[in-house]
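For reference, the structure discussed in these notes is given below.
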Amino acid sequence: MSKFDEKVALYKKFMDDRNMRSNTELLTAVTKGLGPSIYKNDAETVSGSDSKELETVKKNFLMKKLGLPDGPELDKAIEEVMERIGKSERNKYRAVVYYMLVKKFDKESVYGM
1 MSKFDEKVAL
11 YKKFMDDRNM
21 RSNTELLTAV
31 TKGLGPSIYK
41 NDAETVSGSD
51 SKELETVKKN
61 FLMKKLGLPD
71 GPELDKAIEE
81 VMERIGKSER
91 NKYRAVVYYM
101 LVKKFDKESV
111 YGM
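Residue 1 is where the sequence shown starts when you use UniProt numbering, and the numbers rise one by one after that.
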């Protein structure tokens, strides 16, 4: 199993352990879109309590990648995802956060799904 496949399996297990349904094909596509950042401990996760980091998720992912217009619903969606994963969960994997946001906004088409 490649390192990439190991990461996808880790994220899938993370979601399964929390009773979050996932589409492995979409999770793989989202993970691939993150590039080498998934291999860096700091970049692999999202800090749910760092407002600067959450702003980056909003601007770079939701607005740039998914093409969503800025608005309070983006912040609300990020907050909902953080709640669903669990505020106390240290490992909020970026691939899982992004996957959940893609599903929330029905933007699977960005990944060819």
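We put the CB at the ideal spot given by N, CA and C, even for glycine.
Are the Cβ atoms of SER22 and TYR99 separated by less than 8 Å?
Counting from one through the sequence shown, the residue named residue 22 turns up at place 22. Counting from one through the sequence shown, the residue named residue 99 turns up at place 99. In contact: SER22 and TYR99 (Cβ atoms closer than 8 Å).
Which residues in the same chain have their Cβ closer than 8 Å to the Cβ of TYR111, if we skip the five residues on either side of it in sequence?
Mapped onto the sequence shown, residue 111 falls at position 111. Counting only Cβ-Cβ distances below 8 Å, and skipping sequence neighbours, we find LEU26, ALA29, VAL30, GLY33 and VAL102.
In terms of residues, what are the limits of the alpha helix (DSSP H) holding TYR99?
Locating residue 99 in the sequence shown gives position 99, where the first residue counts as 1. Element bounds for TYR99: 94-104.
For ASP50, which of MET1, MET82 and GLY67 has the nearest alpha-carbon?
Position 50 of the sequence shown, counted from the start, is the residue given in the question as residue 50. Per the Cα distances, MET82.
Close Cβ partners of GLY59 (< 6 Å) along its chain, the five nearest in sequence each way excluded:
Residue 59 sits at position 59 when you count from the first residue of the sequence shown. The displayed chain sequence assigns Lys, not Gly, to residue 59. Result list for LYS59: empty, nothing under 6 Å.
Suppose contacts are defined by Cβ-Cβ distances below 8 Å. Is ALA95 in contact with ILE38 by that definition?
The residue given as residue 95 occupies position 95 in the sequence shown. The residue given as residue 38 occupies position 38 in the sequence shown. The answer is yes: Cβ separation under 8 Å.
Counterpart residues of THR45 in DSSP-defined beta bridges
For the purposes of this step, residue 45 is taken as residue 45 along the sequence shown, with counting starting at 1. DSSP output for THR45 lists TYR93 as bridge partner(s).
From the DSSP output, in three-state form, read off PRO69 for me.
As a first step, residue 69 is located in the sequence shown; it is residue number 69 there, counting from the start. Three-state DSSP puts PRO69 in coil, outside helix and strand.
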